[in-house]
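Below: one structure, written as structure tokens.
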Amino acid sequence: MSVIVTATASVNIAVIKYWGKRDEELILPLNDSISATLDTNVMCARTSVCARPDIEENEMYLNGIKTSFDNKRLQTCLNKIKAIATLQKVVDKEFLSWNVRICSENNFPTAAGLASSAAGYACLVTALAKLYKIESDISQLARLGSGSACRSVFGGFVRWHAGGKCDGSDSTASQIVQSTHWPEMRVLVLVVADKKKHTSSSIGMKRSVESSELLKYRVEHCVPRRVDEMINAIKGKDFQRFAELTMKDSNQFHAVCLDSYPPFHYLTNVSYKIIDVIHKYNEICKETRVAYTFDAGPNACLFLLEKDVPEVLSLIKYIFPSPNTDYVRGLDVPKAEEENT
Ligand code: PMV
């Protein structure tokens with residue numbers, strides 16, 4: 004007897020960034036954040052979890068390679084979900100005692116600032132919740148794996164509410180609008196480098212919290228206003244406002260990295276060139292047609308409307324000739340499938 008459950012979840016791109024934790028154990032953020040979840044099957048993680056009595060110890064495979072299960076966050080998610088299943092008495096004790104084999108695959112570069120952990124944990128937690136048949140807030144469970152993962156459990160535009168409670172019970176994600184709300188919206192992902200980042204987001208955030216005055220100012224004075232304005236821009240499909248806020252927030256996040264001590268940075272010369280090209284292009288167009296944003300890596304995510312994709316894509320291909328500038332995607336919701344054998 005074995006039970007196998009499979010789930011998929013997509014990458015989310017933050018337009019108002021999460022940067023800085025107020026609680027490292029529970030992964031509670033200093034500020035609210037907003038992101039867009041990409042289409043399913045485009046840049047996504049797919050995770051299968053198999054539970055069987057003859058699996059000798061818990062196993063984890065990432066993109067086909069066996070990796071250590073000795074990962075605190077992975078274990079926290081599994082233990083938490085098993086604890087909820089025990090409380091809810093939804094599966095029997097013997098099933099809960101079986102070990103699991105987790106196989107997860109990403110169809111995009113892992114740990115290059117492309118939110119691979121977000122998609123990975125969102126789908127791991129979705130699969131585990133299905134396996135153990137629990138009723139729970141999946142976004143809160145995904146948050147325990149990787150903060151930004153809590154936003155990948157929804158499609159469309161999503162807000163992660165920082166919350167204020169010490170136990171994290173109000174630090175959860177909610178959908179602002181469905182992916183169908185803004186059908187013209189497109190995202191171009193420009194892979195500048197697909198290497199693992201040198202400063203992990205956890206280390207970077209800790210350093211910023213400990214040393215950056217700009218981070219304090221951002222959390223107190225900038226983010227609350229930007230979150231309200233961003234929600235209005237998204238609901239009103241105001242691309243100009245959306246784009247300006249997105250770029251300013253990305254720039255401020257990277258300024259915080261430089262304001263940290265010792266400083267660290269994720270952007271490369273190519274990333275800066277992309278920033279310059281986009282501003283020049285918007286200036287020539289006499290309106291903002293494209294917005295860039297960069298997470299904790301050098302890769303650019305460009306937000307634009309469908310009508311502008313051909314022109315912007317040819318511009319990018321002309322300035323940065325490469326066979327790989329080929330991600331042109333929309334927004335959609337993640338799916339989960341279940342299979343019992
Ligand atoms: O969830 P983490 O620990 O990978 O941190 C993500 C931080 C950013 O991607 C830079 C911003 C965000 O809101 O996703």
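So for the sequence shown, our numbering puts the first residue at 4; every next one is plus one. The C-beta atom is built at its ideal place from N, Cα and C for all residues, glycine as well.
Beta-carbon contacts of residue i that lie in its chain and below 8 angstroms, excluding the five residues immediately before and after
| i | result |
| --- | --- |
| Ile179 | Ile37, Gly159, Phe160, Val161, Arg162, Ile234, Ile237 and Lys238 |
| Asp173 | His164, Gly166 and Gly167 |
| Met4 | Arg55 and Pro56 |
| Glu60 | Phe72 and Asn102 |
| Lys69 | Glu62 and Met63 |
Cβ-based burial, residue i [other Cβ within 10 Å; buried from 16]
| i | result |
| --- | --- |
| Asn272 | exposed |
| Pro265 | exposed |
| Glu310 | In the sequence as displayed, the identity of residue 310 is Lys instead of Glu. So Lys310 ends up on the exposed side. |
| Met250 | buried |
| Ile19 | buried |
| Asp329 | Low local confidence applies: a pLDDT of 45 at Asp329 is under 50, so the model's placement there is unreliable, and no value is given. |
| Cys288 | exposed |
| Pro313 | exposed |
| Leu134 | buried |
| Ala86 | exposed |
| Ser71 | exposed |
| Asn34 | buried |
| Thr9 | buried |
| Leu90 | exposed |
| Ile84 | buried |
| Ser13 | buried |
| Tyr269 | buried |
Beta-carbon gap between residue i and residue j smaller than 8 angstroms
| i | j | result |
| --- | --- | --- |
| Ile16 | Cys304 | yes |
| Asn211 | Gly23 | The amino acid at residue 211 is misidentified as Asn; the sequence shows Ser. Yes. Within cutoff. |
| Thr175 | Asp231 | no |
| Ala196 | Pro301 | yes |
| Met63 | Ile105 | yes |
| His345 | Phe297 | Absent from the structure is residue 345, since the part of the chain shown begins at 4 and ends at 344. |
| Val93 | Lys136 | yes |
| Arg229 | Leu248 | yes |
| Leu191 | Leu316 | yes |
| Gln243 | Glu213 | no |
| Arg189 | Leu318 | no |
| Thr11 | Cys47 | yes |
| Ala299 | Gly171 | no |
| Val259 | Leu218 | yes |
| Asp262 | Glu223 | no |
| Ala88 | Leu99 | yes |
| Lys240 | Trp185 | yes |
| Thr202 | Phe245 | no |
Same chain only: Cβ atoms within 6 angstroms of residue i, ignoring 5 sequence neighbours per side
| i | result |
| --- | --- |
| Glu108 | Arg49 and Asn66 |
| Ala145 | Tyr124, Ala125, Val128, Ala152, Cys153 and Val156 |
| Pro56 | Trp101 |
| Asp335 | Because the pLDDT of Asp335 is 43, which lies under 50, any placement of that residue in the model is unreliable, and the number read from its coordinates should be weighed accordingly. Result list for Asp335: Asp42, Thr43, Gly158 and Ser182, in chain order. |
| Glu27 | none |
Spatial neighbours of residue i in its chain, beta-carbon cut-off 7 angstroms, leaving aside the 5 residues before and after
| i | result |
| --- | --- |
| Ile30 | Lys24, Arg146, Leu147 and Gly150 |
| Ile277 | Leu193, Tyr295 and Ala303 |
| Asn285 | Thr291, Arg292 and Val293 |
| Asp252 | Val18, Ile19, Lys20 and Arg229 |
N-terminal and C-terminal residue of the beta strand (DSSP E) that residue i is part of
| i | result |
| --- | --- |
| Lys92 | Unbroken run through Lys92: none, as it is neither H nor E. |
| Phe62 | Looking at the sequence itself, residue 62 is Glu, so the reference to Phe does not match. Run containing Glu62: Glu62 to Leu65, per the beta strand (DSSP E) assignment. |
| Ile319 | Looking at the DSSP string, Ile319 is not in any beta strand (DSSP E); the run it does join, the alpha helix (DSSP H), is Val312 to Ile322. |
| Asp26 | Lys24 to Asp26 |
| Ala303 | Ala303 to Leu308 |
| Ala294 | Val293 to Thr296 |
| Met46 | Where Met46 is concerned, there is no enclosing beta strand (DSSP E), given that its DSSP letter is neither H nor E. |
First and last residue of the uninterrupted alpha helix (DSSP H) at residue i
| i | result |
| --- | --- |
| Gly207 | Ser204 to Ser214 |
| Arg229 | Val226 to Lys238 |
| Val259 | Phe242 to Asp262 |
| Tyr284 | Asn272 to Cys288 |
| Arg146 | Ile141 to Arg146 |
DSSP bridge partner residues for residue i (one or two, in chain order)
| i | result |
| --- | --- |
| Phe160 | Ala39 and Val180 |
| Arg104 | Cys53 and Glu62 |
| Lys69 | Tyr64 |
| Ala17 | Ser38 |
Chain B within 8 angstroms of residue i, Cβ atoms only
| i | result |
| --- | --- |
| Met233 | Any reference to chain B falls outside this structure, which holds one protein chain only. |
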